[in-house]
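**Q** Attaching a single structure in C-alpha cells format; questions to follow.
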Amino acid sequence: MRKALLSALGACAVALVVTAPLASASMQPNIIGGHDASETYSFYVSLDNGCGGSLVAPQWIVTADHCGGAAQGRIGSINRNSGGEMGRIDHRITKPGTDLTLMHLSSPARSTPVRMAQQNPEPGTTIRLMGLGCEVWPNCHQPMVVQEIDLQIIPSDSCREGGGGPGD
2 MRKALLSALG ACAVALVVTA PLASASMQPN IIGGHDASET YSFYVSLDNG CGGSLVAPQW
62 IVTADHCGGA AQGRIGSINR NSGGEMGRID HRITKPGTDL TLMHLSSPAR STPVRMAQQN
122 PEPGTTIRLM GLGCEVWPNC HQPMVVQEID LQIIPSDSCR EGGGGPGD
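The sequence shown begins at 2 in our numbering and counts up one residue at a time.
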C-alpha cells in the first residue's frame with residue numbers, strides 16, 4: 002500500500018500546482034486570472050495552515066511538502082472556514098527530493114476522492130487549477146472562497162526552459 006501511495010504522488014502533480022503558494026512580483030490575493038470556484042469539489046482540502054490539498058483516497062490527502070505541518074483539514078468545501086467535513090491528520094509520508102507529502106487521516110472521509118488521471122494530459126489539454134491563491138507566506142491575505150482558473154497544459158520542454166523564478 003505504501004508503495005502504491007508513493008507512486009500516486011507523481012500522478013498528483015497537477016493537483017498540487019493549485020495548492021502551492023505562487024511567487025509573483027505583484028501581490029494579488031487570488032490565483033492570477035482566477036475567480037471564486039463555480040462549484041464544490043468533494044476532493045478539495047483546505048488545510049489549517051493555509052495550504053490546500055487533494056483527497057486521493059478516503060484516508061489520504063496529497064499536498065506540497067512545505068505544507069506538511071497542518072494538523073487538520075476541511076474536506077469538500079469551497080469555503081475555507083465552513084462547510085464540508087473536518088479531518089484530523091495523524092501521519093505523513095514524504096518522498097525525498099520532491100515537494101510532495103501524503104497525509105493520513107485518522108478516520109476515513111465521507112467525501113469522494115479526486116478521480117486520478119491514468120496518464121499525463123497532452124499539451125493543449127484544458128485543466129482546472131484551484132487553490133487559495135496565497136503568493137507570499139506567511140503574511141498574505143487569502144480569499145474565503147477557493148479560487149479556480151482553466152488553463153492549457155504546456156509541453157514539458159517549456160517548463161525546463163524556465164529559471165524557476167517569478168514569472169516562469
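Virtual Cβ for every residue (Gly too), placed ideally from N, Cα, C. Remember, predicted model here, so these are calculated numbers, not experimental data.
So what's residue 55 in DSSP terms, helix, strand or just coil?
**A** strand
**Q** Would you say the stretch 124–133 touches the stretch 93–103, given that touching needs at least three Cβ pairs under 8 Å?
**A** no
**Q** Under the three-state reduction of DSSP, which class applies to residue 157: helix, strand or coil?
**A** helix
**Q** Taking C-beta to C-beta, are residue 107 and residue 89 nearer than 8 Å?
**A** Going by beta carbons, residue 107 and residue 89 fall inside the 8 Å limit.
**Q** Any contact between the stretch 112–123 and the stretch 64–73? By contact I mean 3 or more CB pairs, one from each, below 8 Å.
**A** Pairwise C-beta distances place the stretch 112–123 out of contact with the stretch 64–73, as fewer than three of them are shorter than 8 Å.
**Q** State the Cα-Cα distance for the pair residue 39 and residue 150, rounded to the nearest angstrom.
**A** 10 Å
**Q** Do residue 103 and residue 93 have their C-beta atoms closer together than 8 Å?
**A** yes
**Q** Whole angstroms is fine: what's the gap from residue 147's alpha carbon to residue 85's?
**A** 13 Å
**Q** Would you report the Cα separation of residue 77 and residue 158, rounded to the nearest angstrom?
**A** 34 Å
**Q** Roughly how far, in whole angstroms, is the beta-carbon of residue 64 from the beta-carbon of residue 51, given that I think they are within contact range, below 8 Å?
**A** Actually they are not in contact, since the Cβ atoms of residue 64 and residue 51 sit about 11 Å apart, beyond 8 Å.
**Q** What residue ranges within the stretch 68–145 form continuous beta strand (DSSP E) runs of no fewer than 3 residues, ordered along the chain?
**A** For the stretch 68–145, whole beta strand (DSSP E) runs of length 3 or above, ordered along the chain, are 73–76, 86–95, 101–106 and 127–132.
**Q** Can you look up residue 151 in the DSSP assignment and give me helix, strand or coil?
**A** Correct three-state label for residue 151: strand.
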